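Novice:
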Amino acid sequence: MPRSSNLRPHHNPDTNPSIRTRGNMIKLYGLKMSNYYSLTKALLIEKGLEFEEVKSPPSQKDDYLQRSPMGKMPSIEVDGQFMSESMAIAAYLERLQPEPAMLPSDPFAAGKVLELSNHLKLDIELVARRCLPELLFNKPVSDETKSQVKADLAKGMVAVERLFVCKPYAAGSEFTLADLYTHYTFGLATMLAKNVLGMDLLADHPRISDLLERLAKHPSIARVTAETAS
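Under numbering that gives the first Met the number 0, the residues of the sequence shown are numbered 0 to 229, in order.
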């Protein structure tokens with residue numbers, strides 16, 4: 000694919016040469032407004048991998064569905080092959096470039112990282128996302144839906160609070176995939192809760208609030224935030 004104004008190459012001088020020369024550069028498809036696109040971008044940066052950003056809005060066109068079967072963001076391309084879903088992409092990148100590890104070497108600890116990541120995605124982000132049409136497209140969400148979302152979010156917050164370690168990172172002493180899901184889950188969920196539901200999602204969760212403040216300063220996350228704002 001020829002480079003255009005929609006392609007943004009990223010290079011890291013410290014990248015392992017064996018990774019840098021293995022096949023074609025990774026292409027990351029999507030839009031910077033997407034939290035899962037931003038999560039995947041931060042993960043690529045964290046891994047020190049070269050990649051190109053390809054501006055690509057969600058679509059139901061056949062060529063887009065070849066990259067992402069549900070027409071969602073993000074997706075990646077490697078050597079003419081495609082993959083969608085942030086969790087699947089994270090698993091691929093962990094095998095492609097094991098260091099720095101985003102999952103602990105201990106099998107049970109790795110499972111706990113994935114457990115927290117999945118609860119954040121399913122019980123916080125996807126729940127809050129039910130209110131997205133009102134915030135993004137000015138399409139009112141019913142009072143019944145809002146009431147249910149509030150109840151489900153409250154339940155989800157109790158659940159993830161049980162799983163957070165916060166010593167000092169989400170799942171323990173090391174920065175992991177769970178920290179990326181924490182930052183990019185709550186980035187959207189807190190905004191929706193505040194603006195659509197009038198709800199302070201973190202009011203009774205100071206540990207999570209403190210963690211989010213720390214994560215915002217983490218280099219890969221801070222870089223994505225700065226580039227998204229530019």
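Where is the CB? At the ideal position from N, CA and C, for every residue including glycine.
Remember, it's a predicted structure, so these values are computed and weren't measured experimentally.
#1: Using beta-carbon positions only, say whether leucine 201 and serine 208 come within less than 8 Å of one another.
#2: Applying the 10 Å Cβ sphere with the 16-neighbour rule, what's the burial state of asparagine 194?
#3: Once DSSP output is grouped into helix, strand and coil, what is the label at glutamine 80?
#4: Report the three-state DSSP secondary structure of glutamate 173 (helix, strand or coil).
#5: Do threonine 175 and leucine 102 count as a contact pair if the criterion is CB distance below 8 Å?
#6: Contact between the stretch 93 to 100 and the stretch 50 to 70 is defined here as three or more beta-carbon pairs at a separation below 8 Å; is this criterion met?
#7: Let me know the beta strand (DSSP E) ranges lying completely inside the stretch 73 to 157, each 3 residues or longer, listed in chain order.
#8: If I'm right that glutamate 51 touches leucine 27 with Cβ under 8 Å, what's the distance once you round it to whole angstroms?
#9: Compare the Cα-Cα distances from arginine 132 to each of Leu191, Lys71, Leu121 and Tyr36 and report the closest residue.
#10: In whole angstroms, give me the CA-to-CA distance for arginine 206 and glycine 155.
#11: Using a threshold of 8 Å, state whether the C-beta atoms of tyrosine 183 and serine 37 are closer than that.
#12: Kindly indicate which three-state DSSP category glycine 70 falls into: helix, strand or coil?
Specialist: Checking against the coordinates, here is how it stands:
#1: yes
#2: exposed
#3: strand
#4: coil
#5: yes
#6: no
#7: 74 to 77 and 80 to 83
#8: 7 Å
#9: Before going further, note that residue 132 is proline rather than arginine in the sequence given. Looking at the Cα atoms, Leu191 is the closest of the given residues.
#10: 15 Å
#11: yes
#12: The answer is coil: DSSP assigns glycine 70 none of H, G, I, E or B.
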